[in-house]
Structures are given as structure tokens and as C-alpha cells.
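Taken in sequence, the protein lines are chains A and B.
So in full-length UniProt numbering, spot 135 of the first sequence is number 135, and the numbers just go up one at a time.
So in full-length UniProt numbering, spot 127 of the second sequence is number 127, and the numbers just go up one at a time.
Glycine included, C-beta positions come from ideal geometry on N, C-alpha and C.
Predicted model, so just to flag it, every value in this text is computed and none were measured.
Number of protein chains: 2
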Amino acid sequence: MTDAPPSDADRFARARRKQSVALLEDYVELIGDLIAETGEARVADIADRMGVAQPTATKTVARLKREGLATSRPYRGVFLTEAGAALADRVRARHRTVVALLIAVGVPQEAAELDAEGIEHHVSDRSLAAFEAFLKRD
Amino acid sequence: MTDAPPSDADRFARARRKQSVALLEDYVELIGDLIAETGEARVADIADRMGVAQPTATKTVARLKREGLATSRPYRGVFLTEAGAALADRVRARHRTVVALLIAVGVPQEAAELDAEGIEHHVSDRSLAAFEAFLKRD
DNA sequence: CTCAAAATATAGCCCAAGCTATATTTATTA
DNA sequence: TAATAAATATAGCTTGGGCTATATTTTGAG
Ligand SMILES: [Mn+2]
Ligand SMILES: [Mn+2]
Ligand SMILES: [Mn+2]
Ligand SMILES: [Mn+2]
């Protein structure tokens, strides 16, 4: 039992949940990138790269801290916790796989890169595994 | 010129915009389905199928009306405008194509159906065309 | 070392999307 | 046809995610 097909409501609720973590995923990925590129992640740089105002970035960083993904001290940069760094790595790998899959099925590179930024957050582990298998075929 | 590669900020902003219309797309698709299935779209049925409380559905229908996608009179059902019906058709077709593409690259059917509910809203026309071409190949 | 500039924080606003509780209207049935 | 049940609307709350304006802190010149 335990295995009736998911209802419409289940499916919609699941999509809503994924959406609510999408922004957090993009932030941790970006913070990880900034630290790798420049040694630190300043709020001003995060805001700039995300395309939002500085107070918006500050507020989202506060949420990352609340959720145990980042740390920071006033007027200092932002750092990822272990959990945050692990999430960033997973998110970055998934992002790349999604872009590669889109290109592999014939999506032009620029469209692939643009669409992947939203698509990635809805790709489950099962789908990701399928994408990887598809990319490995020949 | 007009063709520098999109910045990170552009890409993130675009994903945020798509996200803001995702719920409207799901609602018009669902309202169209209900009308096709049962002849009418009651707020209670919309809420039920979306997995939200009734006042939440009422409020979102109000937004659909504000955006010219639906109409309704107090204590009566919900109807789609021409624009709403056209959007519903496009969204439904895109939804099906996304599910088919996922299955075609090896995603198990249930995962495909679940993930498509979120993915669909980020698939651009260019990507959709590529998906269709890929599905038509042999 | 001081002071101006840059970075960050804070205050306060908006809207979307969710909720519960309750009032109102419509539909049904005794 | 009244009374009850069901559907819908409304009020009022929460949180997330955006913004501008401004206060505060840190940094870097001179
Ligand atoms: Mn993204
Ligand atoms: Mn990404
Ligand atoms: Mn959807
Ligand atoms: Mn859909």
C-alpha cells in the first residue's frame, strides 16, 4: 500500500516546497563561488551578483543563518557552515548536470544556461541520476 | 551589439520572474481542466486540487481576475477569459512535453510527473522547441 | 591620526501566498 | 417553506522576498 499515485494536491504542494528552498540554494552556491574566486563573500558582492539591493541580500543571509547554512558577524563577510558548503557542492553539481542535459537534447547553450537556473531546483535525485546516465551513454 | 552574454544577475532575475507567474499558470491550467471535466470550476474544487485552503484559492482567483485571466461573480464559479484559456492551453501542452522529454531521457514516470510540475515553468520557448524536436527524432 | 568614502545594518514600506476563524449567501432537504 | 448544510467571502494574521532611505561601522587616504 503506502504507494498510491501522488494526488494533484501532493504534486503541487511538492513543487511549492521546492520553490521555497530555491533561493537558498542559489545563495549558498553563489557564496561558495565567491569564496572560491575571491577568498571571501561580501554582502555587497552577493547582492550585485544576485541582482538585488543590498538590504535584500542581508535579509536573505539572515535566513541562511537561521537555517544553519551560513554564519557571519556584523560588518564582516559571510561564511558557509558545513551543511551550507555541502549543499552548495550538491547544488553546483546538479546545476552543471542540468545544463549539460539540456544541451545534450538540443537546447542552444544560452537558453540552456538561462533555463537551468530555474529548472535545477525541481530536479529530484531520481531525475538527476537519469540525467547522468543519459549523458554517459553513447 | 545588443548581445553580450547575460550576467549572473540577469539570469537570476529571469528565474525570479518565471517563478512569479508559475502559480498563475498552474491555476489556469487547473481551472481549464475542471471546466473540461465537470463543466465548471468551483473555488472549493480548485482549493482541493491545489492542496490549499479555500481562502487561499479565493485570493489567487482574485489575482487571476486582476491580471485579466479569469472572471467570476460572487458565490458563482470561476471562468477563464480568452487570454486565460489560451494560456491554459499553452501551459497544458508544455506540461505534457516536459513529462514526455523527462521520460524519453530515462526518468521514471512517477518522478517525471512530479518534477515536471515545477520544471515546466522555467522551460523557454526555445527549449520547448528543442524538446519537441528531440521527441520527434528516431 | 583624522576624516571621508565605502560597506553594512536597520527601519519601514509593499505585495504574494499561505493560514484560521467567522460571516454571509446559496442550495437542499425535511 | 423553513431550517440546515454547504459553499463562498471576508477579516486578520504570518512569512518570504523585494524595495528606498538612512544610521552605523569599518576602511583607506592624506
Ligand atoms: Mn537557480
Ligand atoms: Mn544555480
Ligand atoms: Mn506547475
Ligand atoms: Mn502543470
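Relative to the Cα of B:Leu135, the nearest Cα in the group A:Ala112, A:Ala129, A:Val107, A:Asp115 belongs to A:Val107. Distances taken from the Cβ of A:His122 to the heavy atoms of ligand 1 include none shorter than 7 Å. Chain order gives the chain A residues near B:Glu113 as Pro6, Arg11, where near means a beta carbon separation below 8 Å. At least one C-beta of chain B is nearer than 8 Å to the C-beta of A:His122. Against chain B, the beta carbon of A:Ala53 has no neighbour under 7 Å; the closest one sits roughly 12 Å away.
The region 6-22 of chain B makes contact with the region 111-120 of chain A; the number of CB pairs closer than 8 Å reaches 3 or more. Relative to ligand 3, the beta carbon of B:Gly51 is positioned no closer than 7 Å to any heavy atom. From the beta-carbon of A:Pro74, no residue of chain B is found nearer than 9 Å; the closest lies around 26 Å away. Beta bridge pairing from DSSP links A:Ser72 with A:Val78.
Within its own chain, the residues whose Cβ lies closer than 6 Å to the Cβ of A:Asp45, once the five positions on either side in sequence are excluded, are Leu34, listed in chain order. The beta carbon of B:His122 is closer than 6 Å to those of Lys18 in its chain, skipping five residues each way along the sequence. Remark: the shortest separation between the CB of A:His95 and any heavy atom of ligand 4 does not fall under 7 Å.
Shown in chain order are the members of the region 16-45 of chain B whose Cβ falls below 7 Å from a Cβ of chain A: Lys18, Gln19, Asp26. A distance below 8 Å between beta-carbons, with the five flanking residues on each side excluded, links A:Ala83 to the following residues of its chain, in chain order: Gly68, Leu69.
The alpha-carbon of B:Thr60 is positioned some 21 Å away from that of B:His95. Exclusion of A:Asp48 from the 7 Å shell around ligand 1 follows from its C-beta lying no nearer than that to any non-hydrogen atom of the ligand. The beta carbon of A:Glu110 sits no closer than 7 Å to any heavy atom of ligand 1. Counted as a single uninterrupted DSSP element, the stretch harbouring A:Glu67 is not any alpha helix (DSSP H), since DSSP gives it neither H nor E. Closer than 8 Å to the CB of B:Val78 there is not a single CB belonging to chain A. For A:Ala41, the beta-bridge partners assigned by DSSP are A:Val78.
Here the distance from the Cβ of B:Val91 to the nearest heavy atom of ligand 4 is below 7 Å. Proximity to A:Leu128 across B:Ala129, B:Arg126, B:Leu102 peaks at B:Leu102, based on C-alpha coordinates. The Cβ neighbour count for B:Thr38, taken over all protein chains shown within 10 Å, is under 16; the residue is labelled exposed. Taking non-hydrogen atoms of ligand 3 into account, the C-beta of B:Ala22 is found less than 7 Å away from one of them. Take B:Thr71, set aside five residues on each side of it, and the residues of its chain with a beta-carbon closer than 7 Å to its own are Lys65, Phe79, Thr81, in chain order.
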